[in-house]
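Positions 1 to 152 (UniProt numbering) are the ones given, in order, by the sequence shown.
Idealized CB from N, CA, C, for every residue including glycine.
Nothing here was measured: the structure is a model prediction, and the numbers come from that model.
Accompanying notes for the structure given below.
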Amino acid sequence: MTPYRPLEDISIADAAFEVIGKDLNEIFRDAALATFSEMVDIFAVGSSETREIKVEGEKLDDLLFKWLEQLIYLKDAEYLWFGKFDVNIQQKGKKYVLEATAYGEKITQDPKKMRTDVKAITRHMLKVEQFTFDDVEKKVRKGWRAIFVLDI
1 MTPYRPLEDI
11 SIADAAFEVI
21 GKDLNEIFRD
31 AALATFSEMV
41 DIFAVGSSET
51 REIKVEGEKL
61 DDLLFKWLEQ
71 LIYLKDAEYL
81 WFGKFDVNIQ
91 QKGKKYVLEA
101 TAYGEKITQD
111 PKKMRTDVKA
121 ITRHMLKVEQ
131 FTFDDVEKKV
141 RKGWRAIFVL
151 DI
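Written as structure tokens, this is what we have:
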């Protein structure tokens, strides 16, 4: 089971996802995985290339936008796919700071790996929020949810 799920019927030219997790680090990592799973078989992506990434935002929605925007930029500018992410988010004053390491490899024309190209993240429906939910054991837990749309 993947830690994210596609949201159907948002738009023909877009891919939308919902990510649910126990903390911000988890949902931002899984949002990156969802983004690259749209482009490539992430389980087939190696880790010969690493990139250190740092983005800041006053709101969590902005932080998610900047995070995915930076990853898509690296895909386009440096021809990289990523399949693994270590993410650390901290609140510093009024800002959220995300520092991460992305692991991947140079893009190849391997048809077994390639899927579709993601052009950008959009602000349409973009949301990061904390919520409570009942798990399978009927215990109330707190978690985080992100919803985002990618232009493909």
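Exposed unless 16 or more other CB atoms sit within 10 angstroms - verdict on residue i
| i | result |
| --- | --- |
| residue 28 | buried |
Which of helix, strand or coil DSSP assigns to residue i
| i | result |
| --- | --- |
| residue 73 | helix |
| residue 114 | strand |
| residue 23 | coil |
| residue 147 | strand |
| residue 122 | coil |
| residue 66 | helix |
C-beta atoms of residue i and residue j nearer than 9 Å
| i | j | result |
| --- | --- | --- |
| residue 108 | residue 39 | no |
| residue 45 | residue 105 | yes |
| residue 208 | residue 19 | An answer regarding residue 208 cannot be provided, because it is not within the stretch 1 to 152 covered by the chain. |
| residue 124 | residue 14 | yes |
| residue 153 | residue 67 | Since the displayed the chain opens at 1 and closes at 152, residue 153 lies outside it and no answer follows. |
| residue 100 | residue 86 | yes |
| residue 98 | residue 152 | no |
| residue 64 | residue 150 | no |
Residue range of the unbroken beta strand (DSSP E) whose run includes residue i
| i | result |
| --- | --- |
| residue 82 | 80-92 |
| residue 95 | 95-106 |
Own chain residues within Cβ distance below 7 Å of residue i, not counting five before or after
| i | result |
| --- | --- |
| residue 36 | 42, 81, 82, 83 |
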